[in-house]
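Student:
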Amino acid sequence: MNKKIAVLGTGLAAGILCAAMAVNAFAAQITEDRAKSIAMEDAGISQEEVAFVKVKQDYDDGIRTYEVEFFTNDYKEYDYEIDWESGAILSKDYDAEYAYRGEKKRGTRPAAASSQEGIDQAKAAALQSAGLSDSQVTWGHVKADYDDGHTVYEGKFYYNNMEYEFEVDADLGTVTEWDVESIYD
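The sequence shown maps to residues -27 to -1, 1 to 158 in mature numbering (1 follows the signal peptide of the UniProt record, and there is no 0).
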């Protein structure tokens, strides 16, 4: 009889422990709305500026995530991968390729297109987007390219185990594509 009570007591204790862990794990999960908020806050975008948003759950390298994608009213595209439990931003991508189409001077190639001055200006624009300084990063290759009728600068740099890839419109000096991810991906 004492043995049965001990077994039942142990089983009951294990059940309560499992239930507590499940409730704790569930409570740690962020909601889809919170994932959207985290992405928009990081991008510096308000809900009023967003034309479309999509959120879906996914798994990446065994980690449950939210994929958040949204477009602004001026056609900028943002993609975020957010940890389902902690709300940490695992990766993000920004593409403003179509945002400035009406402002560009078609068919022109600036004189500084492939000069060191143009490359330095593109690096400065990328650093400003990241909120970093030149002394904090390690530079990869940065080069001029002619894409869709205009000159752009493509490049990458590394900071704190993250790889930042960018494209800067040479005419406007504006970052038009942006991708940040861990160097381990």
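Where is the CB? At the ideal position from N, CA and C, for every residue including glycine.
Indicate whether the contact test is met: 3 or more Cβ pairs, each with one atom in the region 39 to 57 and one in the region 127 to 134, closer than 8 Å.
Tutor: no
Student: Nearest by alpha-carbon distance to residue 108: which of 97, 90, 114 is it?
Tutor: Reading the sequence shown from its first residue, position 135 is the one you call residue 108. Of 97, 90, 114, the residue nearest in Cα terms is 97.
Student: From this set, 7, 3, 29, 116, which residue's C-alpha is nearest residue 20's C-alpha?
Tutor: Stepping through the sequence shown from its first residue, residue 20 is reached at position 47. Among 7, 3, 29, 116, the Cα nearest to that of residue 20 is on 7.
Student: At the level of alpha carbons, what is the spacing between residue 22 and residue 55?
Tutor: To locate residue 22, count along the sequence shown from 1; it is residue 49. To locate residue 55, count along the sequence shown from 1; it is residue 82. Roughly 21 Å separates the two Cα atoms.
Student: In three-state DSSP terms, what is residue 107?
Tutor: Taking the first residue of the sequence shown as position 1, residue 107 is located at position 134. DSSP, read as helix, strand or coil, puts residue 107 in helix.
Student: State yes or no: is the C-beta of residue 15 within less than 8 Å of the C-beta of residue 65?
Tutor: If you number the sequence shown from 1, residue 15 lands on position 42. If you number the sequence shown from 1, residue 65 lands on position 92. In contact: residue 15 and residue 65 (Cβ atoms closer than 8 Å).
Student: Would you mind giving the Cβ-Cβ distance between residue 128 and residue 113, rounded to the nearest angstrom? I have them listed as a contact below 8 Å.
Tutor: For the purposes of this step, residue 128 is taken as residue 155 along the sequence shown, with counting starting at 1. For the purposes of this step, residue 113 is taken as residue 140 along the sequence shown, with counting starting at 1. At roughly 6 Å, the Cβ-Cβ gap stays under 8 Å, so residue 128 and residue 113 are in contact.
Student: What are the start and end residues of the beta strand (DSSP E) that includes residue 155?
Tutor: Locating residue 155 in the sequence shown gives position 182, counting from the first residue. Where residue 155 is concerned, the enclosing beta strand (DSSP E) stretches over 147 to 155.
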